[in-house]
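Sequence lines, in order, name chains B and U.
Okay, so the first sequence: first residue is 120 according to the working numbering, each after it adds one.
Okay, so the second sequence: first residue is 2 according to the working numbering, each after it adds one.
Idealized CB from N, CA, C, for every residue including glycine.
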Amino acid sequence: MSKANNRGTIGKVLHYIRHYWFFVVLSILCAAVTVALTLYVPILTGDAIDHIIDKGLVDFDEVLVIVRNIVIVVLLTAASQWLMNVSNNRIAYHVIRDIRREAFHKIEILPLKYIDGHSYGEIVSRVIADVDQFSDGLLMGFTQLFTGVITILGTLLFMLSISVKITLVVVLVTPLSLFVAAFIAKKTYSMFKLQSETRGEQTALIDEMIGNQKVVQAFGQEDEVLERFDEINGRLEKCSLKAIFFSSTTNPSTRFVNSLVYTGVGFTGALAVIASGAGGTFTVGKLSCFLSYANQYTKPFNEISGVVTELQNALACAARIFELIEEEPQIAEAENATVLDNVDGTVTLSDVSFSYTPEQKLIRDFNLSVKKGQRVAIVGPTGCGKTTVINLLMRFYDVNEGSIRVSGEDIREVTRDSLRTSFGMVLQETWLKAGTIRENLTMGKPDATDEEVIAAAKAAHAHSFIKRLPQGYDTEIGEDGGSLSQGQKQLLCIARVMLCLPPMLILDEATSSIDTRTELKIQNAFAKMMEGRTSFIVAHRLSTIQNADIILVMKDGNIIEQGNHETLLAQGGFYANLYNSQFAM
Amino acid sequence: MKKLLSFLKDYKKESILAPLFKMLEAFFELFVPLVMKQIIDVGIATGDRAYIVGRCLLMVALGVIGLVCSLTAQFFAAKAAVGCSTKLRHALFEHIQGLTYSEIDTLGTSTMITRMTSDINQVQSGINMVLRLFMRSPFIVFGAMIMAFTIDVKAALIFVVAIPLLSVVVFGIMMWTMPLYKKVQKGLDKVLGKTRENLTGVRVIRAFAQEPKEILEFEESNEQLTRMQMKVGRIAALTNPFTYVIVNLATAGIIWVGALHVDNGLITQGAVIALVNYMSQILVELVKLANLIVTITKALACASRIEKVFDIEPGMVYGDAASYENKKKEQKNPEYAVEFRGVGLTYRGAGAESLSELNLKVKPGETVGIIGGTGSGKSSVINLIPRYYDATEGEVLVDGINVRDYPMETLRDKVGMVMQKAVLFQGTIRSNLCWGKKDATDDELYEALEIAQARDFVEAKEGKLDARIAQGGKNLSGGQKQRLTIARALVKKPEILVLDDSASALDYATDAKLRKALREMNYKLTVFIVSQRAASIMHADQIVVLDDGKVAGIGRHEELLAGCSVYREIYYSQFKKEDGKEAQA
Numbered sequence: 120m121s122k123a124n125n126r127g128t129i130g131k132v133l134h135y136i137r138h139y140w141f142f143v144v145l146s147i148l149c150a151a152v153t154v155a156l157t158l159y160v161p162i163l164t165g166d167a168i169d170h171i172i173d174k175g176l177v178d179f180d181e182v183l184v185i186v187r188n189i190v191i192v193v194l195l196t197a198a199s200q201w202l203m204n205v206s207n208n209r210i211a212y213h214v215i216r217d218i219r220r221e222a223f224h225k226i227e228i229l230p231l232k233y234i235d236g237h238s239y240g241e242i243v244s245r246v247i248a249d250v251d252q253f254s255d256g257l258l259m260g261f262t263q264l265f266t267g268v269i270t271i272l273g274t275l276l277f278m279l280s281i282s283v284k285i286t287l288v289v290v291l292v293t294p295l296s297l298f299v300a301a302f303i304a305k306k307t308y309s310m311f312k313l314q315s316e317t318r319g320e321q322t323a324l325i326d327e328m329i330g331n332q333k334v335v336q337a338f339g340q341e342d343e344v345l346e347r348f349d350e351i352n353g354r355l356e357k358c359s360l361k362a363i364f365f366s367s368t369t370n371p372s373t374r375f376v377n378s379l380v381y382t383g384v385g386f387t388g389a390l391a392v393i394a395s396g397a398g399g400t401f402t403v404g405k406l407s408c409f410l411s412y413a414n415q416y417t418k419p420f421n422e423i424s425g426v427v428t429e430l431q432n433a434l435a436c437a438a439r440i441f442e443l444i445e446e447e448p449q450i451a452e453a454e455n456a457t458v459l460d461n462v463d464g465t466v467t468l469s470d471v472s473f474s475y476t477p478e479q480k481l482i483r484d485f486n487l488s489v490k491k492g493q494r495v496a497i498v499g500p501t502g503c504g505k506t507t508v509i510n511l512l513m514r515f516y517d518v519n520e521g522s523i524r525v526s527g528e529d530i531r532e533v534t535r536d537s538l539r540t541s542f543g544m545v546l547q548e549t550w551l552k553a554g555t556i557r558e559n560l561t562m563g564k565p566d567a568t569d570e571e572v573i574a575a576a577k578a579a580h581a582h583s584f585i586k587r588l589p590q591g592y593d594t595e596i597g598e599d600g601g602s603l604s605q606g607q608k609q610l611l612c613i614a615r616v617m618l619c620l621p622p623m624l625i626l627d628e629a630t631s632s633i634d635t636r637t638e639l640k641i642q643n644a645f646a647k648m649m650e651g652r653t654s655f656i657v658a659h660r661l662s663t664i665q666n667a668d669i670i671l672v673m674k675d676g677n678i679i680e681q682g683n684h685e686t687l688l689a690q691g692g693f694y695a696n697l698y699n700s701q702f703a704m
Numbered sequence: 002m003k004k005l006l007s008f009l010k011d012y013k014k015e016s017i018l019a020p021l022f023k024m025l026e027a028f029f030e031l032f033v034p035l036v037m038k039q040i041i042d043v044g045i046a047t048g049d050r051a052y053i054v055g056r057c058l059l060m061v062a063l064g065v066i067g068l069v070c071s072l073t074a075q076f077f078a079a080k081a082a083v084g085c086s087t088k089l090r091h092a093l094f095e096h097i098q099g100l101t102y103s104e105i106d107t108l109g110t111s112t113m114i115t116r117m118t119s120d121i122n123q124v125q126s127g128i129n130m131v132l133r134l135f136m137r138s139p140f141i142v143f144g145a146m147i148m149a150f151t152i153d154v155k156a157a158l159i160f161v162v163a164i165p166l167l168s169v170v171v172f173g174i175m176m177w178t179m180p181l182y183k184k185v186q187k188g189l190d191k192v193l194g195k196t197r198e199n200l201t202g203v204r205v206i207r208a209f210a211q212e213p214k215e216i217l218e219f220e221e222s223n224e225q226l227t228r229m230q231m232k233v234g235r236i237a238a239l240t241n242p243f244t245y246v247i248v249n250l251a252t253a254g255i256i257w258v259g260a261l262h263v264d265n266g267l268i269t270q271g272a273v274i275a276l277v278n279y280m281s282q283i284l285v286e287l288v289k290l291a292n293l294i295v296t297i298t299k300a301l302a303c304a305s306r307i308e309k310v311f312d313i314e315p316g317m318v319y320g321d322a323a324s325y326e327n328k329k330k331e332q333k334n335p336e337y338a339v340e341f342r343g344v345g346l347t348y349r350g351a352g353a354e355s356l357s358e359l360n361l362k363v364k365p366g367e368t369v370g371i372i373g374g375t376g377s378g379k380s381s382v383i384n385l386i387p388r389y390y391d392a393t394e395g396e397v398l399v400d401g402i403n404v405r406d407y408p409m410e411t412l413r414d415k416v417g418m419v420m421q422k423a424v425l426f427q428g429t430i431r432s433n434l435c436w437g438k439k440d441a442t443d444d445e446l447y448e449a450l451e452i453a454q455a456r457d458f459v460e461a462k463e464g465k466l467d468a469r470i471a472q473g474g475k476n477l478s479g480g481q482k483q484r485l486t487i488a489r490a491l492v493k494k495p496e497i498l499v500l501d502d503s504a505s506a507l508d509y510a511t512d513a514k515l516r517k518a519l520r521e522m523n524y525k526l527t528v529f530i531v532s533q534r535a536a537s538i539m540h541a542d543q544i545v546v547l548d549d550g551k552v553a554g555i556g557r558h559e560e561l562l563a564g565c566s567v568y569r570e571i572y573y574s575q576f577k578k579e580d581g582k583e584a585q586a
């Protein structure tokens with residue numbers, strides 16, 4: 120990551136931190152106080168030692184005063200240290216809370232194009248793992264970098280006040296430890312990169328194999344899969360060992376440099392004491408104080424070298440989160456967007472062109488006029504892009520050219536919510552949220568009464584199985600429907616729409632997982648529901664197709680024919696072919 | 002914990018040497034204050050510069066030895082940690098692969114993946130840290146105390162009081178926060194779940210205009226997580242101030258006692274400095290330890306999550322080869338390929354039986370059709386044949402032998418399984434087909450493809466058998482995937498072929514051709530077909546009609562049409578009564 124990028128990311132992080140300026144100021148103040156007091160203690164200790172010279176040469180009054188002062192200073196330090204830690208916690212956890220919230224808000228308004236184009240795992244890992252890593256780095260940065268820098272500056276000042284010459288020794292040797300740390304960090308970077316690549320490879324294998332465990336077992340492939348796993352595992356072991364070992368040499372190496380600093384101070388200090396002679400300005404007490412400064416001064420270097428890698432990592436994570444947060448949202452609602460109400464059920468598509476990618480034109484100059492209460496069937500071979508039409512009607516995607524009008528209003532000029540809630544949608548992939556059955560059913564109508572809920576469930580033939588669940592309508596179902604069968608989930612999705620009865624319907628192979636007997640019964644309920652409602656149906660069933668007012672025939676993402684059953688058969692085109700090959704055996 | 006520790010056994014040498022060298026390093030570090038004491042007491046007191054130079058060189062030597070020891074220790078620690086986690090990953094993967102369907106159902110995929118990846122990574126860094134520090138820190142602490150005893154017994158007693166106090170603080174806070182960290186982890190799981198849900202259900206959420214409600218729910222979990230983190234943070238923030246206070250109060254005590262003893266001529270001024278130095282070494286160690294406790298606590302929490310997976314014993318015991326061979330000899334020419342005797346199945350955690358009282362005898366070479374409504378128990382029947390689940394009532398026999406007496410490979414080799422969900426793996430068409438038979442020739446593969454009606458499209462692909470398949474078979478259509486999974490099951494030339502609703506993505510004509518090809522196979526293949534379509538099973542030798550887990554009828558098409566009302570209903574829902582013409586796509 121380039122430096123400029125880093126700076127940009129830091130700027131964004133600061134933007135979030137700004138809201139907590141009070142705690143930042145408090146934290147900095149506390150850090151300064153803590154460091155100053157911590158540094159003051161060795162002075163007091165040194166003073167005390169200078170009053171404990173030899174047998175009979177101990178000034179007890181002075182020592183007592185100093186000891187009392189030490190106790191007071193120590194208690195103050197502890198208090199300000201705790202306050203600082205708590206402030207840091209507060210800043211870090213609140214900042215990541217805000218970032219997560221922002222990220223989630225963004226997810227809710229991202230265009231479907233982005234969500235369809237990225238794996239869920241990747242987006243989730245940004246919101247969870249990256250934010251987590253970032254919070255660790257942020258917290259560490261605050262607690263250690265702050266105090267570290269202040270400690271270095273403070274000790275330098277204190278040391279300078281005692282002896283300029285010995286301070287020079289310290290200042291000259293310490294960069295060496297930074298240099299060593301930087302050298303090792305640079306060398307290990309590529310090793311860590313290799314490690315995370317290998318980890319990614321392994322996770323992909325685990326994901327694929329454990330996700331499809333049943334197939335693996337059915338074919339008795341456990342040994343072969345384990346072999347592949349072990350091969351990656353072996354490589355991971357090698358590169359992990361390298362990365363971990365080489366990175367862990369930082370600490371001993373810098374510690375070694377520090378021990379050189381310590382020795383240097385001891386050496387020059389001892390000579391200085393001798394040179395200044397008995398009763399001179401540079402006493403043994405001052406040397407002892409200096410020695411402990413030398414320790415305190417080098418320690419933050421040690422830590423900072425660790426913190427810097429952590430911070431780099433944290434910044435990389437933050438950049439990934441900001442990438443998500445700054446992702447272009449769906450086109451904003453028109454300023455004068457109206458609420459679509461009193462929908463009469465007419466839908467008009469004029470000169471619509473659409474494609475997912477600019478290179479591949481899908482729908483071109485498509486015109487369609489649907490009157491109130493008409494049924495539109497969309498047919499075509501698997502994977503022909505039948506869902507594209509749904510994506511456009513629901514405004515999950517915007518048309519490239521032309522316009523779609525519902526009730527005479529361009530759908531781009533009404534609010535998304537009002538447009539979408541005027542369609543009742545049942546998709547092939549059933550989706551239920553973690554929660555109770557009731558919560559799932561009342562999604563479109565939160566204020567529905569129990570009677571209404573049961574009536575809808577009965578109409579969808581879901582009531583009997585819901586009743587048999589442990590807590591009936593209040594049974595908690597897990598993520599993605601948990602233990603319900605595919606068919607049961609589909610029945611719930613149908614009941615969900617039957618409860619809110621919107622003026623228009625979109626049914627995408629809505630009954631694909633339901634057995635034909637139940638389906639026949641649901642069809643009756645559907646038929647009743649469709650009466651007077653404009654409906655779009657992705658259809659497989661001949662009876663649905665034959666009874667439709669308009670049939671759209673799709674192939675390779677394009678709408679190639681349009682008409683009703685008779686006219687299309689008479690045309691003798693793709694539909695006629697399809698019909699003859701599939702239905703007329 | 003025991004189970005996890007057993008993985009360290011193979012790294013006995015490393016796990017002993019790492020802390021040992023760490024202790025050696027600490028040991029040499031402990032001499033530094035003593036040497037400094039000599040510089041002050043002897044070198045400065047006598048003004049002997051040569052002596053000071055000598056002692057300083059000794060300190061550098063101690064630093065070098067410390068560096069070597071420490072590097073050695075880091076290496077062994079890294080080796081033990083990485084090696085142990087590699088073995089752990091292998092064992093966990095193997096263990097998960099050995100779990101049966103019941104256990105996989107209850108655990109869920111995503112949690113197994115996190116346990117295999119991030120949890121093990123946490124444990125790895127935990128082990129690394131423990132080996133490096135948990136020995137070093139107590140050693141320094143107690144070493145410093147012992148060194149203090151060699152200097153002055155009475156002053157050392159202050160150490161004896163301070164150290165237990167310090168351990169109470171450190172371990173007390175650790176015990177206090179550990180369960181809280183687990184709660185934080187759970188809160189994170191919830192935030193993750195909510196995020197995931199909003200990605201997988203994006204279409205439904207937007208269709209029902211649920212975004213505001215989802216945001217509200219997310220913020221609630223997010224807020225809860227933040228509160229939990231703050232709570233842990235506040236407690237953990239106590240560690241440093243507390244240790245700081247205890248250590249410095251002890252220092253004050255040492256100065257006071259030291260003053261008394263110097264006054265009495267019991268010890269020298271240098272000795273007091275040495276004692277103070279030892280105390281500050283303890284402080285440095287404890288601060289390090291406190292920072293690492295988070296890592297260790299997290300690692301322990303993760304370890305217990307991993308342990309939980311290991312604790313799940315695979316619920317099935319398979320027959321051994323020898324006793325199977327004996328049983329096989331007794332059953333020279335079994336009359337039935339598959340036999341169900343009073344079989345019932347209750348899924349784990351389910352309230353009621355999903356299948357009850359099934360009696361069925363199938364001769365080799367017969368075709369059995371299974372039909373029934375959603376959740377009627379169709380899949381349960383066929384899952385019992387390769388023993389994916391164990392019957393909870395009665396017994397299932399294959400070739401006259403109870404499936405429980407089969408070694409796993411022998412049973413799974415006999416059965417070719419085609420699942421409802423077509424799953425393919427990343428690789429090539431060949432690599433996927435060879436799952437059935439590792440060394441299958443091109444001819445064998447094409448033969449299987451031909452029967453599965455997949456030869457044409459495979460040959461049309463670039464690279465033919467070696468055409469790439471993306472993860473999850475994303476670059477193939479639903480029908481193509483399904484035909485490839487059928488071919489995969491046929492490659493191993495199974496005695497029993499099970500098609501679990503696996504022709505649903507095929508059009509009628511292809512479905513019919515497939516069934517015809519299966520009938521004309523050159524050996525006696527027993528086929529089970531589960532379907533919603535009456536047309537797929539009406540020509541079977543026996544048809545099992547299931548209704549709500551119970552057998553509604555068994556017989557041939559004509560018999561059932563005459564005598565089984567459920568079958569009649571299903572049949573006429575798909576075929577018009579008058580001409581019996583197929584009315585379904």
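(1) Could you check whether Q125(U) and A82(U) sit closer than 7 Å to each other, using their CB atoms as the reference points?
(2) For L603(B), which residues from the same chain have a beta carbon less than 7 Å from its beta carbon, with the 5 sequence-adjacent residues on both sides left out?
(3) Note down the Cα distance separating F77(U) from T87(U), rounded to an integer number of angstroms.
(4) In whole angstroms, what is the alpha-carbon distance linking L324(B) and G236(B)?
(5) Cβ of E212(U) within 7 Å of Cβ of E638(B)?
(6) Between the alpha carbons of P365(U) and K564(B), how many angstroms are there, rounded?
(7) State yes or no: is the beta carbon of A730(B) nearer than 7 Å to at least one beta carbon in chain U?
(8) Compute the Euclidean distance between the alpha carbons of S357(B) and S168(U), then round it to the nearest angstrom.
(9) Give every residue of the same chain whose Cβ lies closer than 7 Å to the Cβ of A151(B), excluding the five residues on either side of it in the sequence, and list them in chain order.
(10) Buried or exposed, going by whether 16 or more other CB atoms sit within 10 Å of the CB of M175(U)?
(11) Which value, in whole angstroms, describes the spacing of the CA atoms of A389(B) and I274(U)?
(12) For I573(B), which residues of its own chain have a beta-carbon under 7 Å away from its beta-carbon, when the five flanking residues on both sides are left out?
(13) May I ask you to list the residues that DSSP assigns as paired with D512(U)?
(14) Going straight from the alpha carbon of V363(U) to that of R489(U), what length do you get?
(15) If you reduce the DSSP assignment to three classes, tell me which class T369(B) lands in.
(16) DSSP has K551(U) in a bridge; who is on the other side?
(17) For the beta strand (DSSP E) containing K674(B), name the first residue and the last one.
(18) Is I371(B) close to chain U? Criterion is C-beta to C-beta, closer than 7 Å.
Looking at the atomic coordinates:
(1) Along the second sequence, read from residue 1 onward, the residue named residue 82(U) stands at position 81. Along the second sequence, read from residue 1 onward, the residue named residue 125(U) stands at position 124. Taking 7 Å as the Cβ cut-off, A82(U) and Q125(U) qualify as a contacting pair.
(2) The sequence position of residue 603(B) within the first sequence is 484, counting from 1. So the list reads I596, once near-sequence residues are dropped.
(3) Stepping through the second sequence from its first residue, residue 77(U) is reached at position 76. Stepping through the second sequence from its first residue, residue 87(U) is reached at position 86. Cα to Cα, F77(U) sits roughly 15 Å from T87(U).
(4) Here residue 324(B) refers to the residue found at position 205 of the first sequence. Here residue 236(B) refers to the residue found at position 117 of the first sequence. Roughly 21 Å separates the two Cα atoms.
(5) Taking the second sequence and counting its residues from 1, the one referred to as residue 212(U) is at position 211. Taking the first sequence and counting its residues from 1, the one referred to as residue 638(B) is at position 519. The answer is no: Cβ separation not under 7 Å.
(6) Mapped onto the second sequence, residue 365(U) falls at position 364. Mapped onto the first sequence, residue 564(B) falls at position 445. C-alpha separation (whole angstroms): 55 Å.
(7) As displayed, chain B neither begins before 120 nor continues past 704, which places residue 730(B) out of reach and without an answer.
(8) Within the first sequence, the letter at position 238 stands for residue 357(B). Within the second sequence, the letter at position 167 stands for residue 168(U). The residue you asked about is not Ser; residue 357(B) is Lys in the sequence shown. When rounded, the distance between both Cα atoms is 37 Å.
(9) Residue 151(B) sits at position 32 when you count from the first residue of the first sequence. Correct list, in chain order: I269.
(10) The sequence position of residue 175(U) within the second sequence is 174, counting from 1. By the 10 Å Cβ count, M175(U) comes out buried.
(11) For this step, residue 389(B) is matched to residue 270 along the first sequence. For this step, residue 274(U) is matched to residue 273 along the second sequence. Straight-line Cα distance between these residues: approximately 14 Å.
(12) Walking along the first sequence from the start, residue 573(B) turns up at place 454. H582.
(13) On the second sequence, position 511 is the one that residue 512(U) refers to. Partner(s): none; D512(U) has no beta bridge.
(14) By one-based count along the second sequence, residue 363(U) stands at place 362. By one-based count along the second sequence, residue 489(U) stands at place 488. Roughly 24 Å between the two C-alpha positions.
(15) Along the first sequence, one-based indexing puts residue 369(B) at 250. Reduced to three states, the DSSP call for T369(B) is helix.
(16) Locating residue 551(U) in the second sequence gives position 550, counting from the first residue. Bridge partners of K551(U): D548(U).
(17) Position 555 of the first sequence holds residue 674(B). Note, K674(B): beta strand (DSSP E), 669-674.
(18) Mapped onto the first sequence, residue 371(B) falls at position 252. Before going further, note that residue 371(B) is Pro rather than Ile in the sequence given. It does: the Cβ of P371(B) has a partner Cβ on chain U nearer than 7 Å.
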